[in-house]
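A short write-up of the structure that comes next.
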Amino acid sequence: MIKKPAFPKEHRALRVPLFQNLCQADSKTKRPCRIAEKSHAANESSKEATVTKRFTFFCLLLIAALVLIACTTAAPAEEAAVGQASMEEAPAEMSGKVVVEAGGMIRIGGSFALTGPIPTLGLDIRQGAELAIDDLNAAGGLEGFMFELVAEDGACDGTQGTNVGNKFASDETIVSVTGGTCSGETFGLMPILQEARIPFVSPSATNPDITSSNCDVCNRVALSDALQGATDARYVFSDLGLTKVAVVHDNSDYGKGVAEVFQNSIGGLGGDVTSFEGVQVGDTDFRAMLARVGAGGPEAIFFGGYATEAGLIAQQMTETPGLEDTVFMSVDGAFTQQYLQAAGDAAEGTFISLLAGDDSEALNAEFDAKYIEKFGVSPDELGAFHSQSYDSVMLIAAAIAAVASVDDSGSLIIDREALVSAIRAVDAFDGLTGTIRCDSIGECGAGGVQIYQVTDGAFVQVSGFGME
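Using this note's numbering, the letters of the sequence shown map in sequence onto residues 7 to 474.
Here it is, written out as structure tokens:
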């Protein structure tokens, strides 16, 4: 069970009326919907029909996102040139473009950790993406073309991530990708999708190196572990007053990455890292490692990794002489029911951090109701990244709407190279996780770090974002 505080920030409760209001407000300031603006430049007399027929949903979505591709980056002469390319004109060069024939689907790939160390978290992320697809199609799709999620199992594994990447890269119908779930899996995807020029938006890969100036197809709505590791270190050092900490990680790209950030951060605060130990995903007996760690006399153990290993370490600490009362803290990979089950009674009093969105109570209540109706379970029972997953698909859809065109045969043309730039152009998208803004290296996340303590078998927030 997860108990979350109510956030004071107000958001509009209903998604579609919100977009309608934004479009009306924009027209009053003489700033028409961005996609409609291109049609207006091409044909003033058909402006209203074009907006009504084709962009009732997506034009409004893009206003919320403030995707200013033509309006803010092009010179006036360039804007006019863009405007002259109407939705009915087929591109002359088809290389790098996805062609969706009449009756076809706009296919978004998804790499989800459906097997491996965190299958429930991966399932939760997949289901969040499925709800986004449902909402897009319920709103009429784009130009009458419906969306489809092509889900693959990335297994929270780099090799499998590469396999999934190759599968998507060889499929000329895949427009973009949501995923991967884990950092290692995503590192496997990255070079394949970069070479294929297929942009992706990860909802949950948090290693700091996922985004950089070297990968223009790489984006995420999750926040970076550079933030999580540093925040956790400050909490342990300043709030808990603990200065001697042992750091343990699972040798995954995710777990080791956040552990290194924590190690460097607490050292910079004046703390003493008594040991830095690595274990393996899938290990079940940590007693020998804990005996070595315990010899250093740590006041706390910080673990970078996933739920099962975190839970077993917390449980086995209670059996290790000298560590029975040592504080245990882990990260959002352990923020699941799986951790509580693995740790048992030893979970009580332990701390888990979470990279959380700036959740809107109203929007998330609506989302949760749809999730429960469709899947028969509360999303918070499975994991913490369903909202980010929903937002990643919606962000991709908004960018697709910005670059799509229809040719004379009625086929939808989507330029993947233009889509790479369109995703980075999102400036203020109202998502489930808050206001999403993508920067020049693909960091699009909203929110901050929350600290939870297990109390009476539930995650209860005790510090961090939303409680300032």
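For each residue, glycine too, the CB sits at the ideal point set by N, CA and C.
Sub-8 Å separation of residue i and residue j beta-carbons
i: V333; j: L246; result: yes
i: A119; j: G160; result: yes
i: L275; j: A239; result: yes
i: T237; j: G470; result: yes
i: I402; j: S182; result: yes
i: V227; j: T439; result: yes
i: T326; j: R293; result: yes
i: G185; j: G263; result: no
i: L388; j: A405; result: no
i: V242; j: A306; result: yes
i: G355; j: G310; result: no
i: K250; j: T217; result: no
i: A265; j: F206; result: no
i: C188; j: C162; result: yes
i: P209; j: S398; result: yes
i: A349; j: Q321; result: yes
i: F153; j: I114; result: yes
i: N172; j: I198; result: yes
Helix, strand or coil at residue i according to DSSP, with G and I counted as helix
i: I124; result: coil
i: I204; result: coil
i: A81; result: Low per-residue confidence applies at A81: pLDDT is 34, beneath 50, and the placement is therefore not dependable, though the value from the model is reported in the following sentence. Reduced to three states, the DSSP call for A81 is coil.
i: R132; result: helix
i: A340; result: helix
i: I299; result: A small correction: the amino acid at residue 299 is Val; Ile does not occupy that position in the sequence shown. It is helical.
i: M152; result: strand
i: N225; result: strand
i: E449; result: strand
i: G171; result: helix
i: T356; result: coil
i: E158; result: strand
i: F292; result: coil
i: S176; result: coil
i: L425; result: helix
i: A362; result: strand
i: M473; result: coil
i: T192; result: helix
i: T184; result: strand
i: D278; result: strand
Candidates the options, of which the one nearest residue i by Cα
i: T168; options: E191, I180, I420, L275; result: E191
i: L369; options: V242, M111, G437; result: G437
i: V299; options: F309, D130, I442, E283; result: E283
i: G110; options: Q467, D130, G150; result: G150
i: Y345; options: V223, N270, V460; result: V460
i: A301; options: A316, E315, L329; result: L329
i: S230; options: C221, Q321, D215, V242; result: D215
i: A390; options: S411, V104, I131, T280; result: I131
i: V156; options: A145, Q133, L248, A144; result: Q133
i: V432; options: G194, D331, A464, G451; result: G451
i: L4; options: I447, D338, S411; result: Only positions 7 to 474 of the chain appear in the structure, and residue 4 is not among them; the question remains open.
i: F465; options: A340, R422, S427, F435; result: A340
i: G235; options: S244, F268, A252, I204; result: F268
i: A408; options: V337, E201, R422, K173; result: R422
i: A353; options: G463, F373, N270; result: G463
i: M295; options: G273, H255, N270; result: H255
i: N143; options: I180, I112, G303; result: I112
Residue i: first and last residue of the uninterrupted alpha helix (DSSP H) it sits in
i: Q286; result: Taken as a continuous stretch (DSSP letters only), Q286 belongs to no alpha helix (DSSP H), as it is neither H nor E.
i: I402; result: 392–409
i: A375; result: 367–381
i: G273; result: 259–275
i: T237; result: 231–240
i: T314; result: 313–323
Start and end residues, beta strand (DSSP E) containing residue i
i: S117; result: 111–118
i: I419; result: 418–421
i: G310; result: 306–310
i: I436; result: According to the sequence provided, residue 436 is Asp. The question's Ile does not apply to it. From DSSP, the beta strand (DSSP E) with D436 extends over 435–437.
i: G454; result: 454–461
i: I216; result: Here I216 belongs to no beta strand (DSSP E), and DSSP marks it neither H nor E.
i: A464; result: 464–470
i: G440; result: 440–442
i: V254; result: 250–255
i: V104; result: 103–106
Query raised in the report: Is the number of C-beta pairs between the segment 282–289 and the segment 352–370 that are closer than 8 Å three or more?
Result: Contact check between the segment 282–289 and the segment 352–370: fewer than three CB pairs, one atom from each, fall below 8 Å, which does not count as touching.
Query raised in the report: Would you call the segment 408–423 and the segment 452–459 touching, i.e. three or more CB-CB distances under 8 Å?
Result: These segments do not touch.
Report task. Evaluate the contact criterion for the segment 120–130 versus the segment 342–359: three or more CB pairs, one atom per stretch, below 8 Å. Result -> Between the segment 120–130 and the segment 342–359, the count of Cβ pairs shorter than 8 Å is three or higher; the stretches touch.
Query raised in the report: With contact counted as at least three CB pairs below 8 Å, one residue from each stretch, are the segment 130–144 and the segment 375–389 in contact?
Result: Yes, the segment 130–144 is in contact with the segment 375–389.
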